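Protein chains in written order, with this note's numbering: chain L, 986 to 1268; chain G, 623 to 927. Data block below; observations after.
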């Protein structure tokens, strides 16, 4: 074993740039679900281009206009024509929120509990890092993951335009559609952060967040089937992210995504308050 | 704060988890440049006290001041001067030691000026991912993380657990060197021998209550001597038991074993009246004193007296 003696003249430690280290670590910790999100975002968008020629020949108008299918995709379509429509059904329907919102809720749910489990939270908070800053950097890391997934899907759609002849995409409305989905993801992130702020086990927090998103999807799917179930529809976060509307019909109720943003913000702030107030566990 | 003020002042600290009182109103202080041992059995409240000092958990009542700053209110300013080693160092398996060191020195906002020396002294492997590390190797990384930015106050929660005897010795030497450089070290442990070697004072905590705060030298005096005497003539056990300072007398064959605390003179004078074939005296291990503190309150009171 080495028996070096500590030098007697030790320089005063120089200051070092912190450079959002917690945020970067939060993104690295989320690399597996983030990779899954990127993979499926790109795959689904590219798959739409691959199946579009065959699907455009099929007669699926009656199928699409049924109540159950409308519930599943979260929109009522009567006319099935054009690349944008199939893109709306396959990618930007309620499935987008279920898949990518679910992935982001999973990432957010684990963002803090994972650091409790891997022992870095205690060590980080024993340094000059406030709980507020730790939480907000983790939150920002989750939001960046959501932004990356969204940008990859848009990029894949852009690649589609080279693969599909006469792809009838209105880019202005596609970006608006993407913004609506980002509003949903913002809600999912806030929900996950709230759950992760008081649940110590990462899998429990992640599973609960994902479960709530899935429950919201089911409420949206069944809420439109009968008038008596309308309350289910309006209680579901998916109701406020009707992304097919701007993409296919070029219309949007502007305050719907605002509901999601405010709900996400309320959840995120509630999570911050809980995280600041609570005793942090050792395991 | 002035240089005369204690570096750490814990005043009537209480911490409850529901109906369970983990820490029950403990008060103590640690002087500048002192290595202070915080002893107690598992579940006594050592880690709870340390986590209150770091503001990872919040006290139910009482205050903690470190370097004149409130541990709960002045957290950011205080943590710039603190190094911490947890008892069970657990780190992300996919990160290498180097990445972990880089991450935590960034969070500290300071360059790790002692890094190279620590890595060399403790023979720390920093290139491999943590998942292949043994407990001892992780503990060595913990030591590096605690000391690398040269903090003024070190809060160590059972820092040498998992280290082999050779490394424990190296660590103890290192602590004494850091003390010589003016660092204040607060160290919890249940390894008596380590505390005995490096600490000037110790506090003993049991079931959340402070049993005693004492200088190690005074505890050593209280522990006294263990004496074995082999007599050539017949000596009654009662005669030995009557000698001032002598206790726990037992006999095996022609030898008597007993403890002596305080002045040895009465014993020597009493022995001179008999034929002594062999006399052996050795310092009683401090462990015995600590174990008595760990036991029932009555015994602890007796030892403290």
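All C-beta atoms in this analysis are idealised placements derived from N, C-alpha and C, irrespective of residue type, glycine included. All values derive from a computational prediction rather than experimental measurement.
| query | result |
| --- | --- |
| In three-state terms, what does DSSP make of residue 873 of chain G? | strand |
| Listing by chain order, which chain L residues have their CB less than 7 Å from the CB of residue 679 of chain G? | 1264 and 1265 |
| At a cut of 8 Å, does the segment 641-661 of chain G reach the segment 821-841 of chain G through at least three beta carbon pairs? | yes |
| Can a CB atom of chain L be found closer than 9 Å to the CB of residue 882 of chain G? | no |
| At the level of alpha carbons, what is the spacing between residue 916 of chain G and residue 895 of chain G? | 39 Å |
| Please list, in chain order, the residues of the segment 745-762 of chain G that have any C-beta partner in chain L closer than 8 Å. | 745 |
| Let me see if you follow: with CB-CB separation under 9 Å, is residue 988 of chain L close to chain G or not? | Legend: pLDDT at residue 988 of chain L = 46, less than 50; position of this residue unreliable, value from coordinates given subsequently. Chain G, which has a Cβ nearer than 9 Å to the Cβ of residue 988 of chain L, makes this yes. |
| Could you please give the first and the last residue of the uninterrupted alpha helix (DSSP H) stretch that includes residue 844 of chain G? | 838-845 |
| Residue 1122 of chain L versus chain G: which residues are under 9 Å apart at the beta carbon? | Simply none; closest approach about 10 Å. |
| In chain order, what residues of the segment 1092-1105 of chain L put their CB closer than 9 Å to some CB of chain C? | Among the chains of the structure shown, chain C does not appear; the protein chains present are L and G. |
| Pick helix, strand or coil for residue 856 of chain G, following the three-state DSSP scheme. | coil |
| In the segment 1005-1021 of chain L, which residues sit with their C-beta less than 7 Å from some C-beta in chain G, listed in chain order? | 1006 and 1010 |
| Quick check on residue 926 of chain G: does DSSP put it in helix, strand or coil? | Low confidence applies to residue 926 of chain G: its pLDDT is 49, below 50, so where it sits in the model is not reliable enough to give any reading. |
| Using Cβ-Cβ distances below 7 Å, what residues of the segment 1034-1063 of chain L are close to chain G? | none |
| Is the beta carbon of residue 1105 of chain L sitting closer than 9 Å to the one on residue 1261 of chain L? | no |
| Going along chain L in order, which residues have a C-beta closer than 7 Å to the C-beta of residue 701 of chain G? | 1111, 1112 and 1113 |
| Does the segment 672-687 of chain G touch the segment 1069-1076 of chain L, meaning 3 or more C-beta pairs lie closer than 8 Å? | no |
| How would you label residue 1091 of chain L, buried or exposed, when you count the other beta carbons within 10 angstroms and need 16 or more for buried? | buried |
| What does DSSP give as the partner residue(s) for residue 880 of chain G in the beta ladder? | G/849 |
| Which residues share a DSSP beta bridge with residue 650 of chain G? | G/632 |
| Quick check on residue 875 of chain G: buried or exposed, where buried means 16 or more other Cβ atoms within 10 Å of its Cβ? | exposed |
| Flag this pair as touching only if the segment 1131-1151 of chain L and the segment 738-757 of chain G have three or more C-beta atom pairs under 8 Å; answer yes or no. | no |
| With a 10 Å radius around its C-beta and 16 neighbouring C-beta atoms as the bar for buried, classify residue 701 of chain G as buried or exposed. | buried |
| Between the Cα of residue 1265 of chain L and those of L/1009, L/1087, L/1016 and L/1110, spot the shortest distance and give me the residue it belongs to. | L/1110 |
| Please list, in chain order, the chain G residues whose beta carbon lies closer than 9 Å to that of residue 1125 of chain L. | Within 9 Å Cβ-Cβ: nothing; residue 1125 of chain L doesn't reach chain G, min ~16 Å. |
| Do we get a CB-CB distance below 9 Å when we pair residue 787 of chain G with the residues of chain L? | no |
| What are the uninterrupted segments assigned as alpha helix (DSSP H) that are 4 or more residues long and contained completely in the segment 704-761 of chain G, given in chain order? | 719-730 and 737-743 |
| Check the Cβ of residue 714 of chain G against every Cβ in chain L and list those closer than 7 Å, keeping chain order. | 1103 and 1105 |
| Once you ignore the five residues that flank residue 926 of chain G on each side, which residues in its own chain have a CB closer than 6 Å to its CB? | Any reading at residue 926 of chain G is ruled out, since the residue's pLDDT is 49, under 50, leaving its predicted position unreliable. |
| Which of the three DSSP states, helix, strand or coil, is assigned to residue 1016 of chain L? | helix |
| Determine, using beta carbons only, whether residue 1003 of chain L comes closer than 9 Å to chain G. | yes |
| Distance cutoff 9 Å, beta carbons only. Does residue 996 of chain L sit that close to anything in chain G? | yes |
| What are the start and end residues of the alpha helix (DSSP H) that includes residue 800 of chain G? | 787-802 |
| Against chain G, with Cβ distances strictly below 9 Å, would residue 1257 of chain L count as a contact? | no |
| Determine the DSSP secondary structure at residue 1265 of chain L, reduced to helix, strand or coil. | coil |
| Using a C-beta cutoff of 9 Å, does residue 1215 of chain L count as contacting chain G? | no |
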